[in-house]
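> Below: one structure in structure tokens.
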Amino acid sequence: MNIIAICGSPRKGNTEFVLRRFLIKAEEFGHKTDLILLREKKIGHCNSCFSCNDEGSCNMRDDMAGIVERIMADDLIVFGSPNYFNNVTGLMKDFMDRLQPLRVEDKLAGKKAVVIMVGEEGDSKSSAAIATMTSAADILKMAKVGDLYLVAKKALDVENNPESVQKIDDFAKNILS
Ligand SMILES: Cc1cc2nc3c(=O)[nH]c(=O)nc-3n(C[C@H](O)[C@H](O)[C@H](O)COP(=O)(O)O)c2cc1C
Numbered sequence: 200m201n202i203i204a205i206c207g208s209p210r211k212g213n214t215e216f217v218l219r220r221f222l223i224k225a226e227e228f229g230h231k232t233d234l235i236l237l238r239e240k241k242i243g244h245c246n247s248c249f250s251c252n253d254e255g256s257c258n259m260r261d262d263m264a265g266i267v268e269r270i271m272a273d274d275l276i277v278f279g280s281p282n283y284f285n286n287v288t289g290l291m292k293d294f295m296d297r298l299q300p301l302r303v304e305d306k307l308a309g310k311k312a313v314v315i316m317v318g319e320e321g322d323s324k325s326s327a328a329i330a331t332m333t334s335a336a337d338i339l340k341m342a343k344v345g346d347l348y349l350v351a352k353k354a355l356d357v358e359n360n361p362e363s364v365q366k367i368d369d370f371a372k373n374i375l376s
């Protein structure tokens with residue numbers, strides 16, 4: 200499979216580490232992978248012009264067009280975000296909103312989705328945030344094949360926790376091998 204991971208963290212921290220680790224495992228299982236760091240991209244807020252509904256494409260001229268072209272060639276999209284206020288980050292939300300042109304024509308229908316989230320509180324606090332990304336995948340008619348939540352606060356918490364790293368490896372194996 201071609202796998203793309205989308206990182207919604209504004210910093211080089213846990214989410215990026217988890218996604219990179221997941222992709223390393225994916226490569227070991229023979230998949231082709233790529234990582235997009237949203238913090239390095241210029242992605243404007245959707246401004247509700249609805250040109251995607253009327254003309255089938257987005258009028259905004261920024262990095263989203265290239266990302267859309269890229270994910271159209273992928274089989275599995277990994278949505279990765281830290282938990283901010285029991286939800287995704289603004290970076291991830293802007294990205295999801297800008298997928299509206301693909302929603303209009305069901306262009307991502309049938310592709311696989313994985314949802315990954317990192318937050319400082321325990322699993323039970325993450326459900327709303329996980330649900331946001333799951334809901335985006337559902338709306339886009341994608342098939343969610345798994346979700347993963349890891350507890351971490353400081354930037355290196357996941358990397359420095361062997362149990363968390365093992366959890367990523369096991370998750371990747373379950374989904375990708
Ligand atoms: C503005 C802000 C809001 C946050 N809100 C939550 C929250 O509601 N629940 C939670 O579990 N963690 C929350 N956190 C903690 C982050 O999810 C945590 O630090 C995470 O490891 C960050 O991921 P990153 O290292 O990939 O950036 C918040 C952090 C920030 C900066």
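Note that the sequence shown covers residues 200 to 376 in the numbering used here. From the three backbone atoms N, C-alpha and C, an ideal C-beta is built for every residue, glycine too.
Can you tell me where the beta strand (DSSP E) with A351 in it begins and where it stops?
No beta strand (DSSP E) holds A351; DSSP gives it neither H nor E.
> Alpha carbon to alpha carbon, how far is G321 from A328?
When rounded, the distance between both Cα atoms is 12 Å.
> I'd like to know whether the C-beta atoms of N252 and A351 end up nearer to each other than 9 Å.
No; because the gap between Cβ atoms is not below 9 Å, this pair is not in contact.
> Does the distance from the C-beta atom of V314 to that of V357 stay below 9 Å?
Result no, Cβ atoms of V314 and V357 do not sit closer than 9 Å.
> Using a Cβ-Cβ cutoff of less than 6 Å, which residues in the same chain neighbour F216 once the five nearest sequence positions on both sides are dropped?
So the list reads V357, E358, once near-sequence residues are dropped.
> Given a cut-off of 9 Å on the beta-carbon distance, is the pair L301 and I202 in contact?
Contact: no.
> Can you give me the start and stop residues for the beta strand (DSSP E) that M316 sits inside?
From DSSP, the beta strand (DSSP E) with M316 extends over 311-318.
> For the candidate residues Q299, A335, Y283, whose alpha-carbon lies nearest to that of P394?
Outside the shown range of the chain, which is 200 to 376, sits residue 394, and nothing can be said about it.
> Skipping 5 residues on each side, what residues in its chain have a beta carbon closer than 6 Å to that of H230?
Only M200, I202 meet the Cβ criterion.
> What runs of the alpha helix (DSSP H), each 4 residues or longer, lie entirely inside the stretch 200-264?
Taking only runs of at least 4 residues, the alpha helix (DSSP H) segments lying wholly in the stretch 200-264 are 213-227, 250-254.
> How many whole angstroms separate the CB atoms of L307 and K340, which I take to be in contact at a CB cut-off of 8 Å?
That belief holds up - the Cβ atoms of L307 and K340 are roughly 7 Å apart, short of 8 Å.
> For A204, count neighbouring Cβ atoms within 10 angstroms of its own Cβ and tell me buried if that reaches 16, exposed if not.
With 16 or more other Cβ atoms within 10 Å, it is buried.
> Suppose you measure from the CA of S250 to the CA of D305; what does that come to, to the nearest Å?
Their Cα atoms are separated by approximately 16 Å.
> Between which two residues does the beta strand (DSSP E) containing V277 stretch?
Its beta strand (DSSP E) spans residues 275-281.
> What is the residue span of the alpha helix (DSSP H) that D293 lies within?
From DSSP, the alpha helix (DSSP H) with D293 extends over 289-296.
> Based on Cα-Cα distance, which residue from K224, G255, G279 lies nearest to E312?
With the sequence shown as reference, residue 312 is identified as Ala, and Glu is not the correct amino acid for it. That would be G279, whose Cα lies nearest to the Cα of A312.
> Between which two residues does the alpha helix (DSSP H) carrying D305 extend?
Premise fails: D305 is in no alpha helix (DSSP H) and is neither H nor E.
> To which residues of the same chain is K372 closer than 6 Å at the C-beta, ignoring the five residues directly before and after it?
Answer for K372: no residue qualifies.
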